[in-house]
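In the UniProt record's numbering, the protein residues as written are 1 to 255.
To start, the structure itself, in structure tokens.
Here it is as structure tokens:
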């Protein structure tokens, strides 16, 4: 039996790291992202890691794109065992600077794509007694005006995963959300450069200052999150469902 995992946002960062990590546990890995070129690079690495890749360049903002991912996966492999919804960058702007377009774009790519993909894959996941992991973020628990859309959409994802998990109890589908903290990705580096510019600091000093303000010993790496997602898809975590798993180096100080 060949087990099949789908990973969105797989062209870079946490998504790419997760695709590579899951290639050790699944025989086939379906990777989805907007950029065909960088997705092809991920496919080569997945193949080298031992899994059969299927690269699907898609803009997951639309319902049809989400439906086509599930159709293409079932047409090629006939089953779905795991779905990791990682795609979705949300505008990092102050509450009063956010436009309707900012909100709509963030919801479409991060929230609605996860919802649509999970719904479309549900029957296949029921058949395989499969698992879903939806990426949120620690701002779900620490919302700020400066990151209003990020925190709001991340909180909505935690609730969405909890609702799917409730249905999954009777259907045999495991659903959890995962909440990364400050992970060093390309997007994080861009954010830190802006932080450095605002504070008049060299990038290295700003990077250290931000980590100290967050109360963490180091930044996370994409592999830290990829390993946590692999655990959520492993037999050892099967009794975990409806859980919001924080992986943040101790950044979140609330209970």
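Glycine is no exception: its CB is placed at the ideal position from the N, C-alpha and C atoms.
Three-state secondary structure (DSSP) of residue 27:
Here residue 27 sits in coil by DSSP.
Could you tell me which of 191, 153 and 199 sits nearest to residue 177, measuring between CA atoms?
The residue among 191, 153 and 199 with its C-alpha nearest the C-alpha of residue 177 is 153.
Over the uninterrupted alpha helix (DSSP H) stretch that includes residue 135, give me the two end residues.
First-last for residue 135: 131-135, but that is the beta strand (DSSP E), not the alpha helix (DSSP H).
Quick check on residue 7: buried or exposed, where buried means 16 or more other Cβ atoms within 10 Å of its Cβ?
When all chains shown are included, residue 7 counts as buried.
Euclidean distance between Cα positions of residue 229 and residue 175
Distance between the alpha carbons of residue 229 and residue 175 is about 11 Å.
Let's see if you can read the secondary structure: which residues bound the alpha helix (DSSP H) around residue 193?
186-199 is the span of the alpha helix (DSSP H), which, as asked, contains residue 193.
Backbone CA spacing between residue 192 and residue 33 [nearest angstrom]:
Looking at the two C-alpha atoms, the distance is approximately 24 Å.
What distance in whole Å lies between the Cβ atoms of residue 180 and residue 14, which are believed to be in contact at a cut-off of 8 Å?
Correct: roughly 7 Å between the Cβ atoms.
Across which residues does DSSP place residue 183 in a beta bridge pair?
For residue 183, which the question treats as bridged, DSSP gives the partners 220.
In this structure, how does DSSP classify residue 60 when only helix, strand and coil are distinguished?
Here residue 60 carries a coil assignment [DSSP, helix/strand/coil].
Suppose the cutoff is 7 Å on Cβ atoms and the five residues either side in sequence are ignored; what does the same chain contact list for residue 264 look like?
Residue 264 lies beyond the stretch modelled for the chain, which goes from 1 to 255, so this question has no answer here.
Given residue 108, which residues of its chain have a CB within under 7 Å of its CB, disregarding the five upstream and five downstream residues?
Short of 7 Å from the beta carbon of residue 108, and not among the five residues preceding or following it, lie these beta carbons of its own chain, in chain order: 61.
Going by C-alpha to C-alpha distance, which of 209, 185, 98 and 252 sits closest to residue 195?
Of the candidates 209, 185, 98 and 252, the one whose C-alpha sits nearest the C-alpha of residue 195 is 209.
Counterpart residues of residue 52 in DSSP-defined beta bridges
In the DSSP output, where bridge partners are listed per residue, residue 52 has 28.
Span separating the alpha-carbon of residue 103 from that of residue 91:
If you take the alpha carbons of residue 103 and residue 91, they lie about 8 Å apart.
Residue 112: which of 127, 86, 129 and 205 sits nearest, CA to CA?
With respect to the C-alpha of residue 112, the residue from 127, 86, 129 and 205 having the closest C-alpha is 86.
Tell me the rounded alpha-carbon separation between residue 173 and residue 135.
C-alpha separation (whole angstroms): 17 Å.
Three-state class that DSSP yields for residue 47 in the structure shown:
If DSSP states are grouped into helix, strand and coil, residue 47 belongs with the helices.
Looking only at its chain, what residues have a beta carbon closer than 8 Å to the beta carbon of residue 166, apart from the 5 residues adjacent to it on each side?
Only 242 meet the Cβ criterion.
How many Å lie between residue 128 and residue 99 at the Cα?
Distance from the CA of residue 128 to the CA of residue 99, rounded to the nearest whole angstrom, comes to 41 Å.
Taking the alpha-carbon positions, what's the residue 213 to residue 79 distance?
Going by the C-alpha atoms only, they are around 45 Å apart.
Where does residue 233 land, buried or exposed, given buried means 16+ other C-beta within 10 angstroms?
Classification of residue 233: buried, given that the 10 Å Cβ count is 16 or more.
If you reduce the DSSP assignment to three classes, tell me which class residue 98 lands in.
Of the three classes helix, strand and coil, the one that applies to residue 98 here is coil, per DSSP.
Tell me which same chain residues have a C-beta within less than 7 Å of the C-beta of residue 139, skipping the five on either side of it?
147, 150, 151 and 154, listed in sequence order.
Excluding the 5 residues preceding and the 5 following residue 82 in the sequence, name in chain order all residues of the same chain whose CB lies nearer than 8 Å to its CB.
These residues qualify, in order along the chain: 3, 4, 5, 6, 22, 26, 130, 131, 132, 133 and 233.
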